[in-house]
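Here the structure is laid out as structure tokens; the discussion comes afterwards.
In UniProt numbering, the protein residues as written are 1 to 331.
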């Protein structure tokens, strides 16, 4: 039946079946290994591996539901968890909304009480396991870089100075380098940019380019990152026409419904603290950051007055990692 031209998007959403709410927990030990569990053969996706968890009961909070499920499935007591992201999986009757939580503290020794087996493995080993479809997205998040080094504009250094500064950023722990414009655009320096991208790739790391989709395609970068101003001209991911990893910068007042329509793979959310580069902007603080991060479907990185030393705080408050200019490219 065709939709009525006067029917609002909110009314359409209300007319659709409520999503199936499921919560999954990511437990990690002191070596960084994460816990996965094998579904019994008679269950849906039987024999597949998953991150433990289950359906939320009516009126149950995410934290309470996660604690109940992991007590029933693993025999542990969860005391603290933080949001990582939301996986939305279309299904014939209703959408599956898989809320993914990082388990920060628990007591007890995990056991396979309802699964046929459990295993601990490093995130980069998850590809060896036959994961349930929704859990493959979680595995991708866990393998994502935790430290993003955002460059100043290309005009800030001479062509001869840039390679050494890229090396410094990598020594400081950068796992992906984001080439961001300033007074000049990187489109004005395509040859130099190509050499710097090759330098990062030679180190085994990945690259993102900001706000230049056509150049991103021609230079074979790993991710396209859009400022909110640039991304606002698009209403869906298909409109962008970028096939690879997509990120968007968001702020305290960014519309989470619009973000869901555009479907980015990750977000940069800030600013967390005040910074010298933006002295007129007050930082939102970690508590507000955690509240906002939980409202988005995509995993988020913290940016604004943070660096490698804040990585654990960022994860505790629902971030996948941190992003910074000054921490990796000090003046």
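For every residue, glycine included, the Cβ atom is placed at its ideal position computed from N, Cα and C.
Using 8 Å as the Cβ pair cut-off and three pairs as the minimum, do the region 40 to 50 and the region 79 to 94 touch?
When C-beta atoms of the region 40 to 50 are compared with those of the region 79 to 94, fewer than three pairs fall below 8 Å, so the two segments do not count as touching.
Straight-line Cα distance separating residue 273 from residue 306:
What you label residue 306 is simply residue 306 of the chain shown in a count that begins at 1. What you label residue 273 is simply residue 273 of the chain shown in a count that begins at 1. When rounded, the distance between both Cα atoms is 7 Å.
Boundaries of the alpha helix (DSSP H) in which residue 44 is found, first to last residue:
Working through the chain shown from its first residue, we reach residue 44 at position 44. Unbroken run through residue 44: none, as it is neither H nor E.
What is the rounded straight-line gap between the Cα of residue 161 and the Cα of residue 106?
What you label residue 161 is simply residue 161 of the chain shown in a count that begins at 1. What you label residue 106 is simply residue 106 of the chain shown in a count that begins at 1. In a straight line, the C-alpha of residue 161 is about 48 Å away from that of residue 106.
Contact belief for residue 62 with residue 84 at Cβ below 8 Å, rounded distance in angstroms:
Residue 62 sits at position 62 when you count from the first residue of the chain shown. Residue 84 sits at position 84 when you count from the first residue of the chain shown. Taking 8 Å as the upper bound for CB-CB distance, residue 62 and residue 84 are not in contact here, some 12 Å apart.
Anticipated Cβ contact below 8 Å, residue 112 with residue 37, distance rounded:
Against the chain shown, residue 112 aligns to sequence position 112. Against the chain shown, residue 37 aligns to sequence position 37. About 6 Å; that satisfies the 8 Å criterion.
Expected contact under 8 Å - CB spacing of residue 270 and residue 302 to nearest Å
In the chain shown, counting from the first residue as 1, residue 270 sits at position 270. In the chain shown, counting from the first residue as 1, residue 302 sits at position 302. The C-beta distance from residue 270 to residue 302 rounds to 6 Å, short enough to meet the 8 Å contact threshold.
Return the CA-CA distance between residue 183 and residue 189, expressed in angstroms with no decimal places.
Position 183 of the chain shown, counting from 1, holds the residue named residue 183. Position 189 of the chain shown, counting from 1, holds the residue named residue 189. Each residue's alpha carbon lies about 12 Å from the other.
Does DSSP put residue 329 in a helix, in a strand, or in coil?
The count along the chain shown starts at 1 and reaches residue 329 at position 329. In this structure, residue 329 counts as coil in the three-state DSSP scheme.
Counting Cβ pairs, one atom from each stretch, are 3 or more of them under 8 Å apart for the region 218 to 231 and the region 194 to 207?
Flag = yes, the region 218 to 231 and the region 194 to 207 touch.
What do you reckon, are the CB atoms on residue 98 and residue 86 nearer than 8 Å?
Start at 1 with the first residue of the chain shown, and residue 98 comes out as number 98. Start at 1 with the first residue of the chain shown, and residue 86 comes out as number 86. For residue 98 and residue 86, yes; Cβs fall inside 8 Å.
For residue 176, count neighbouring C-beta atoms within 10 Å of its own C-beta (all shown protein chains included) and say buried if the count is 16 or more, exposed if not.
Translated into the one-based positions of the chain shown, residue 176 becomes position 176. Counting Cβ neighbours within 10 Å, residue 176 comes out buried, since at least 16 surround it.
Taking 8 Å as the threshold (C-beta atoms), are residue 205 and residue 223 in contact?
Within the chain shown, the letter at position 223 stands for residue 223. Within the chain shown, the letter at position 205 stands for residue 205. No.
Threshold first: 3 residues or longer. Then list the beta strand (DSSP E) segments lying entirely within the region 221 to 285, N to C.
223 to 226, 245 to 250 and 266 to 269, all fully within the region 221 to 285.
In the DSSP assignment, the alpha helix (DSSP H) including residue 334 goes from what residue to what residue?
The shown model of the chain, from 1 to 331, leaves out residue 334, and the question about it has no answer.
Spatial distance of residue 225 from residue 267 (CA atoms)
For the purposes of this step, residue 225 is identified with residue 225 of the chain shown, where counting begins at 1. For the purposes of this step, residue 267 is identified with residue 267 of the chain shown, where counting begins at 1. Residue 225 and residue 267: Cα-Cα distance of roughly 9 Å.
Using beta-carbon positions only, say whether residue 39 and residue 57 come within less than 8 Å of one another.
Taking the chain shown and counting its residues from 1, one reaches residue 39 at position 39. Taking the chain shown and counting its residues from 1, one reaches residue 57 at position 57. Against a cut-off of 8 Å, the Cβ pair of residue 57 and residue 39 comes out as no contact.
Can you grab the Cα-Cα spacing for the pair residue 238 / residue 254, in whole Å?
To locate residue 238, count along the chain shown from 1; it is residue 238. To locate residue 254, count along the chain shown from 1; it is residue 254. About 20 Å.
Contacting residues, own chain, Cβ-Cβ under 7 Å from residue 261 (five flanking each side not counted)
Counted from its first residue, the chain shown places residue 261 at position 261. The beta carbon of residue 261 is closer than 7 Å to those of 235 and 236 in its chain, skipping five residues each way along the sequence.
Is residue 98 helix, strand or coil when you go by DSSP?
Start at 1 with the first residue of the chain shown, and residue 98 comes out as number 98. Looking at residue 98 - three-state DSSP - the assignment turns out to be strand.
Reduced DSSP secondary structure (H/G/I, E/B, other) of residue 20
The sequence position of residue 20 within the chain shown is 20, counting from 1. Per DSSP, reduced to three states, the secondary structure at residue 20 is strand.
At least three beta-carbon pairs within less than 8 Å, the region 66 to 73 to the region 136 to 144:
Too few Cβ pairs lie closer than 8 Å, so no.
Going by the beta-carbon positions, is the gap between residue 164 and residue 149 smaller than 8 Å?
Working through the chain shown from its first residue, we reach residue 164 at position 164. Working through the chain shown from its first residue, we reach residue 149 at position 149. The answer is no: Cβ separation not under 8 Å.
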